[in-house]
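Asker: For reference, the structure I am asking about is given below.
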Amino acid sequence: MEAAPAPVPAPTLSASGPRGVLQQNRQFLDFFWDIAKPQQEVRLAATESLLRYLRASEQEDELKYTLKRLIEGLGATREAARPGFSLALAQVLQFFEEIPLHAVLQQIKEKHNLERVKKKLFRNAAFGNFFGVLSLFQSGRLAKDKKALLECVRLLQSLAQYHAHLRDLPRKTLVDILSEIPEAVFEEVLFSALQADLTSAFSTPEQLHLLLVGIQKFPGVLKPSKLKILLGSSAIVTMENIPRLVQVLKTAARSEKKDRNLPPVGLDLLRVSVKEGAFELFWKEAVENGLLKEKSGPNSYMCYRLLGSALPLLSLDQLQVVLRGEVMRHYGDHVVSAQLPDRFKFAPEMETYVNSFLEGCDDPEKQLAVMIGFSTLTNQGYPVVPSFWKVVKHLQPAALLKYVDWLKRMFLRPDFDCCLDFTTIRQKQNQEKVNMTQHRVVRLRKWIIARLVSIIDSQGKKEEDLVIDVVRFCFFHAFFETQKPTSEIAETKSLPSVPLDGQSHSTAANLFFSLLQILNSLPVLGDTAEAAALREKHIHGVTADRNLWIYLIIQYASVLLSHEKHVKAVTPFTAEQRAAWDRMLQSLENLQKKEKESRSMEIFAFQHLLLLVGIHLFKTPAETQDLLNDLLNCIERAFDKKSKKKQQPDDEEPEWVEVIVEILLSLLSQPSLLMRRVSKSVFGRICPYMSKKALHLILNVLDPEQDQDEESAVVVMEETDKKKKTLLEDTNEEESADSSDDDSSEEDGEEDSEDENNNEGVDENFRNQLMNVLQAGNALGGDKSDEDVDDETMLALDENVSALFAEQQKRIQAKKDEKEKMRKEKILRRDFKIKVLDLIEVFLAKQPENPLVFDIIEPLLLVIERSMSSDSDKQEQDFLRKTADIFTNHLCRAKQYCRSVGDLQEDLHALLESLVKRASKHMDSALALYYFSASLYLFKVLKGNVARETATPLSPSKKKRKNSEGSSAQTDQLSGTGILDLKRVTMVYQEALSGFLTRRKSALTGSMFLDLFNRFPVMCKPLIDTLVKSITAGARQHQQSLKAVSEFKVKVDQEKVIKCLELLNFLIKTVNRQKLNVELAELSQTLQALSQQEGFGKSVRLDSLYWNVMKLLGFARPKKEKAVARPEHAPGAEPLKRKKKGFLPATKKRKNRKKAPPENGVESGREAGLENGAESCREAGPEAGQAAARKKNRKRKGGAGKAGAEGPSPKKAKGSHGQETQGKQGKAKKKKKANKTPAQKA
């Protein structure tokens, strides 16, 4: 905030008024302008500055002027200015307590008198009165001044009638005033003034709100006895007052329709009803039987808001009344039916109410009651609240534990008697004859499993015991059934009242694998020091004792499999599958024994992968069995060191890393986020052991040629209707489908009919079959009429035609199905490739120095090329974007690269040469850029690798090259190229540069070569000859430059030379900076001759670039001489005289009259002075007289000096001077002006 301005001494004023203030300080007046501005920050700053100024000046006239200006601003036309003036007036009154409030109120009434104001200013005056009272109230002094308080209340009462302008602002301000004053002041001053409003409390919501506030604020004044006098009843909520309360609530609901808020009168009625012990009466009669009966939107939404607002106010019994009442049922119906588009949805607002209640409630029983109440609001068994509800995070541990137990009980023994179940009207119309009990049980169990999974995913505080309990419950009921209860397995103690069907098991299995993904990313739980240390290290997916969550599940599964008498698997294991399971357990034990060895992270990764594949035996045992056996074999071969030493490698048997890669690719083909993450993690651990065959297994997946093959090494798995649902399954989707069955069926019918109409033309085979059928039935006989054909023949013909069309329709549908299947397969295949790109990204990040990186270049370039040329939808664009990002950022721009490529030297040179040539041949510059960038990467690799016999640190040689000069610099430069064959690479880039400079439609761009020169300055010297050659010689005009340029006629010539000069500027700077030995004499001569060409100096940019280059070559730019102004016509030369026919004579035109060229006589007369003026004019004749007249006119217009010295333009001078006769009419005027000129000069 700015410092307070220094007080300005004011002159002594005879009378206080604005004139004296205006003469003092402009800064003081600017405060009021800023107070009226719409920006709130500016208004607040101006108010603070005004207060500081008034405190510092202590001038009475300034204070009076301030009050006057602020009171005037209360009724400003600009709405944004009124609150600013009101706040400023409140601050002034708060600071200067000597100002009487009653006097200020009188000034406000006089300034904004509603009786005398004009009609068009009535609204401003009403607001002026209102904001004036608001200022007095905000000053904090109103409760101390009883007289002013009473006047303000009466003024607000009178303003309340202008509802069209002020709406309910006066009543709300009156309520605020009541909330701030003490009870004694209310009883002494305001009770009598407000008695009329209190008596008619049931008339309007504002008046009832005023009474309710008074009852809560002043219970000692508004006693039941006084209420009996005022209202006729000693309480507000009585059976007699219910009808009037309902009317008031309806009026309040309509008034708040646009604001979508609960009216204050509704919340106060809730509080008063609870205080009076009549909440049940109010809720049943006023809300459910009164407000809710009238089925209108505002009334319904007000009931929902009353329900949400009542939660913190009620006891446990009262909560049960509300949560099992008709308002809850009505709310559930709204949630289901509001899923259709363009419908107002109240569910987010209700979630806010519940979230606020749970966050502020300390009673676990109340929290549990509310959670159960909303969970039992079901639509045909399915709760209307989403399975993932964020409010769960506010549950206290005790309430959360009881809630989980209740969910498990409801899963095993669904009790629909405790549920508030309903069916919508649309569902009743579409209801089919099915077993509704079983249908509701399946829907409820589906939601409960999803809710249990969401509880683990919530952000609330959880204990490990709770998590493992939920995991075991979900796993057991997904894959096992109880045969006989046992104390060793807690899940067998309670048998389901309705046995789980296949759909329930499948749903539980899918959600269980979603739970595995949550556990994999779950932070360490617990309050111990070990758990806190693990959380700081960002370790996820383990318990406090460092065990994987999935490992605990495997142990639990082993316990279940060992109790075959008590539990039974939904899909029992075969002998081979059970053997694979036992082998997996043994392998896990072996891995845990080796965990303390040097490769512990690899062991951890393999252990995680093994556990994940093993748990899939319960979901897909047939497919997982072979995969698990292969994985076990790989792990044994990878970690068995003795077998590696003793046994000779078998050429036919693949290496273990290849089998692991195939397994990972198989896992990636499954639609599981957990599989994708674990596969990436494991692949990162085996990257150091990657072989060329293993890498090509991954690259073959990305090969575009493989898309045409139906049989591939990796099968992309397509999910059917039993596709695993995501964890956070939204109930809205299912309910919207239930509530819009008719619409969807109608739309499907329309789409089918459109498809039928849009079918392609009938094929020739079908046409022939139809002709044969018609001929067989004699339907094509032209001579016979329909009457000659009997009914049996017609029926047979109809049947044959119908059968033919049915077969044709089947063929058309089969084609559609095949096309849709191909489309889905393409999507799945593309999605699989996107996942495989993760492995390429991991390999480049983990092993950038591996020579296998070079095998990735061409496959990625092929993918980019095919993707850019194909028809790309969004998924294809994502695939292309990710591939290009990996290629550019993780490969070409990698800071680390292979340092041992001695054996690959020839192959890398050949690859570099191939990349540059392919970049030159492409027509698309964007695609050529990727090939050129790959060549620069290989250039960097070859240049960075040194021969083994001369392998020395690079940093000393770099320092020596910087300090060396002359030939030694060149020698060091050549030695810094490593194993790069500079001559061979130079020829490659030289050919590409020549093509770029000579081909009109070359895909190469200047930025590519600039990148080459910037990153590798060693290429500047070998390629500069090519540039000079292109500059000096060109076959065509667009190729010719510098030497071949003889003139600058068109813009193309200028632009061409400008590009050449830009390139020269960059090259010469690079040569100077690198201290290269380059001969530039020929270039200097060529550039000097260039400046002599015709039209060279017309382009400012060309001239500037030219001298920038010449300055680098040591030439200074000459200074330009100022051009001397030369007359357009020599003295004495007379322009051609030509008279235009049909136009006004030149002497009649004012512009020509004033612009005749001066003659010698006139010039001598101008220099001679007053004595020789007349004589010179006489000698000059009529021409001198005309010149003098023109001079007089120029003096008249202020242009005598300059215009007289310069000659006129030929166009304007045509026919205007040297003419003795332009016509008879102009002669007399000329003589008259010539005679008057000397006298005017004198």
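So the sequence shown is numbered by our numbering: it starts at 10 and just counts up by one.
In this text, a Cβ means the ideal position worked out from N, Cα and C, and glycines have one as well.
Computed from a prediction, not measured in an experiment: that's the story for all the values here.
(1) Of the choices His514, Glu473, Val1109 and Glu497, whose alpha-carbon is the least far from that of Leu557?
(2) Are there 16 or more other CB atoms within 10 angstroms of the CB of Arg902, so buried, or fewer, so exposed?
(3) When the Cα of Cys370 is compared with those of Ile381, Asp206, Arg333 and Pro321, which residue comes out closest?
(4) Using a Cβ-Cβ cut-off of 8 Å (strictly less than) and excluding sequence neighbours within five positions of Pro1127, which residues of its own chain qualify?
(5) Using the C-alpha atoms, what's the distance from Arg875 back to Ala1090?
(6) Have a look at Ser85 and Gln204 and give me their C-alpha separation to the nearest angstrom.
(7) Give the single residue among Asp372, Met419 and Leu199 whose Cα lies nearest to the Cα of Leu231.
(8) Can you give me the C-alpha to C-alpha distance between Leu674 and Val668, rounded to a whole angstrom?
(9) Here's the rule I'm using: 16 or more other beta-carbon atoms within 10 Å means buried, otherwise exposed. How should Phe104 be labelled?
(10) Beta-carbon separation of Phe522 and Ser463 under 7 Å?
(11) Using the Cα positions of His172 and Arg263, report the straight-line distance between them to the nearest angstrom.
(12) May I ask you to report which of helix, strand or coil DSSP gives Thr516?
(13) DSSP on Asn8, reduced to helix/strand/coil?
(14) Could you say which of Cys1069, Leu404 and Ser1093 lies nearest to Ser365 if we only look at CA atoms?
(15) Relative to the C-alpha of Leu278, which residue among Asn133, Glu265, Glu922 and Ile224 is closest?
(16) Using the three-state DSSP reduction, which class does Asp807 fall into: helix, strand or coil?
(17) Helix, strand or coil for Asp933 per DSSP?
(18) Report all residues from its chain with a CB closer than 6 Å to the CB of Phe140; omit the five preceding and five following residues, and keep chain order.
(19) Buried or exposed, going by whether 16 or more other CB atoms sit within 10 Å of the CB of Leu130?
(20) If you draw a straight line from the C-alpha of Gln982 to the C-alpha of Asp912, how long is it?
(21) Taking only runs that begin and end inside the segment 289 to 345, name each unbroken alpha helix (DSSP H) of 4 or more residues, in chain order.
(22) If distances are taken between C-alpha atoms only, which option among Ile245, Glu249, Ile238 and Ala823 comes closest to Val222?
(23) Does the Cβ of Ile548 have 16 or more other Cβ atoms within 10 Å, making it buried, or fewer, making it exposed?
(24) Nearest CA to the CA of Ser144: which residue from Leu783, Leu461, Leu102 and Leu164?
(25) Give the straight-line distance between the Cα atoms of His339 and Glu500, rounded to the nearest whole angstrom.
(26) Give the straight-line distance between the Cα atoms of Val710 and Met831, rounded to the nearest whole angstrom.
(27) Is it true that the segment 436 to 452 meets the segment 404 to 421, where meeting means three or more beta-carbon pairs spaced less than 8 Å apart?
(28) For Tyr74, does the count of other Cβ atoms within 10 angstroms reach 16, so buried, or fall short, so exposed?
(29) Got a sec? Which residues, its chain only, sit under 8 Å from Gln216 by beta carbon, not counting five neighbours each side?
(30) Have a look at Gly229, Leu900, Glu834 and Arg176 and flag the residue whose alpha-carbon is nearest the alpha-carbon of Phe863.
(31) Below 8 Å on the Cβ atoms is my contact criterion, and I expect His111 with Ala157 to pass it. Report the Cβ-Cβ distance as a whole number of Å.
(32) Tell me whether the segment 527 to 537 and the segment 492 to 499 touch, counting them as touching only if at least three CB pairs, one residue from each stretch, are closer than 8 Å.
(33) By the 10 Å Cβ neighbour count, where 16 or more other Cβ atoms means buried, how is Phe648 classified, buried or exposed?
(34) My assumption, with CB atoms under 8 Å, is that Ile895 sits in contact with Glu867. Please give the rounded CB distance.
(35) Out of curiosity, what's the CA-to-CA distance linking Tyr412 and Leu377?
(36) Is Lys891 helix, strand or coil when you go by DSSP?
Answerer: Result, derived from the coordinates:
(1) Scanning His514, Glu473, Val1109 and Glu497 for the CA closest to the CA of Leu557 turns up Glu473.
(2) Exposed, because fewer than 16 other Cβ atoms sit within 10 Å of the Cβ of Arg902.
(3) Of the listed residues, the one whose Cα sits closest to Cys370 is Pro321.
(4) Correct list: empty, nothing qualifies.
(5) Cα to Cα, the separation comes out at about 48 Å.
(6) It is Ala, not Ser, that sits at residue 85 in the sequence shown. Computed Cα separation, rounded: 34 Å.
(7) When only C-alpha atoms are compared, the closest one is Leu199.
(8) Going by the C-alpha atoms only, they are around 10 Å apart.
(9) Exposed, since its Cβ has fewer than 16 Cβ neighbours within 10 Å.
(10) Pairing Phe522 with Ser463 gives a Cβ-Cβ distance that is not under 7 Å.
(11) Each residue's Cα considered, the two are about 15 Å apart.
(12) Residue state, collapsed to three classes: helix.
(13) Residue 8 lies beyond the residue range present for the chain, which begins at 10 and ends at 1251; the question has no answer from this structure.
(14) Its Cα nearest to that of Ser365, the residue Leu404 stands out among Cys1069, Leu404 and Ser1093.
(15) It is Ile224.
(16) Note: Asp807 maps to helix in three-state DSSP.
(17) The answer is coil: DSSP assigns Asp933 none of H, G, I, E or B.
(18) When the five nearest sequence neighbours on each side are left out, the beta carbons in the same chain lying within less than 6 Å of the beta carbon of Phe140 are those of Leu83, Arg91 and Ser95, in order along the chain.
(19) Classification for Leu130: exposed.
(20) Unreliable placement is indicated for Gln982, whose pLDDT of 40 sits below 50; the coordinate value is still reported in the next sentence. Approximately 24 Å, taken between the alpha carbons.
(21) Qualifying alpha helix (DSSP H) stretches, in chain order: 306 to 319 and 325 to 332.
(22) Of the listed residues, the one whose Cα sits closest to Val222 is Ile245.
(23) The residue in question, Ile548, is exposed, as its Cβ has fewer than 16 Cβ neighbours within 10 Å.
(24) With distances taken between Cα atoms, Ser144 lies closest to Leu102.
(25) Roughly 37 Å separates the two Cα atoms.
(26) When the Cα atoms are used, Val710 and Met831 turn out to be separated by approximately 18 Å.
(27) The segment 436 to 452 vs the segment 404 to 421: no contact.
(28) Buried, since its Cβ has 16 or more Cβ neighbours within 10 Å.
(29) So the qualifying residues of the chain are Arg180, Asp206, Leu207, Ser209 and Ala210.
(30) Comparing Cα-Cα distances from Phe863 to each of Gly229, Leu900, Glu834 and Arg176, the minimum goes to Leu900.
(31) Yes, His111 and Ala157 are in contact; Cβ-Cβ is about 5 Å, under 8 Å.
(32) Contact fails between the segment 527 to 537 and the segment 492 to 499, because fewer than three Cβ pairs, one in each stretch, are under 8 Å apart.
(33) Counting Cβ neighbours within 10 Å, Phe648 comes out buried, since at least 16 surround it.
(34) With a Cβ gap of about 14 Å, Ile895 and Glu867 do not count as contacting.
(35) Rounded to the nearest angstrom, the two C-alpha atoms are 6 Å apart.
(36) Of the three classes helix, strand and coil, the one that applies to Lys891 here is helix, per DSSP.
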